[in-house]
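Enquirer: Numbering (our numbering), first residue to last: 275 to 444. We put the beta carbon where it would ideally sit given N, CA and C, even for glycine. Owing to the predicted nature of the structure, the values given are computational and were not obtained by experimental measurement.
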Amino acid sequence: MIHKLADVQTQNIGENTNIWQFCVVLKGVKIGNNCNINAQVLIENDVEIGDNVTIKSGVQIWDGITIEDNVFIGPNVTFTNDFMPRSKQYPNAFLKTNILKGASIGANSTIIGGITIGAYAMIGAGSVVTKDVGVQELWYGNPAKHKGYVCKCGQKCNENLICDDCKGKE
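1) Identify, in the order they occur along the chain, each residue of the same chain with its Cβ nearer than 6 Å to the Cβ of Pro417, setting aside the five sequence neighbours on each side.
2) Mapping the DSSP letters down to three states, classify Asp281 as helix, strand or coil.
3) So, with DSSP's three-state summary, where would you put Cys431?
4) Looking at the strands, I want to know which residues DSSP matches up with Tyr394.
5) For the stretch 391-402 against the stretch 357-364, are there 3 or more C-beta pairs whose distance is under 8 Å?
6) Have a look at Cys297 and Asn312 and give me their C-alpha separation to the nearest angstrom.
7) Please list the terminal residues of the continuous beta strand (DSSP E) segment that includes Ala313.
8) Three-state secondary structure (DSSP) at Ser378?
9) My assumption, with CB atoms under 8 Å, is that Trp336 sits in contact with Phe353. Please give the rounded CB distance.
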């Protein structure tokens, strides 16, 4: 479903994906199946979004960002793709940022361009992420720092990446 008040210029949208009002999705974007793109989201051209992704309201996804399957992006998350931005001056290539499968990014976080957030990692709300985040790592703060680990089910866990709830059988 594409809301009648959304401006969607791409044809590359998977089945059962919802794009809500006041979204702008440019022509080069690829969006997978069963995604939910909430209101007031901007997605530039050179962006790939996997299946089962949730993007909450107020998010801007700039050129050079890849979001894999089952990722959650909280409201008002900001991505960057240029370390030295200037009006009307563009780099030869924008920084590439990768959000790997199952990762979650909390509300109002800022993701500095050129990093990778590992599979099933969790970024706490309001964080400023300036470095790569490993698989199933929990990071938060400004600047964000490694604070522990999360299970694939989303619960805090030990260094063996297994929690008491699901025992790693997520």
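Expert: Reading from the atomic positions:
1) Val402, Thr404
2) strand
3) strand
4) Note: Tyr394 sits in no beta bridge, so no partner.
5) no
6) 8 Å
7) Careful: Ala313 lies outside any beta strand (DSSP E) and carries neither H nor E.
8) strand
9) 6 Å
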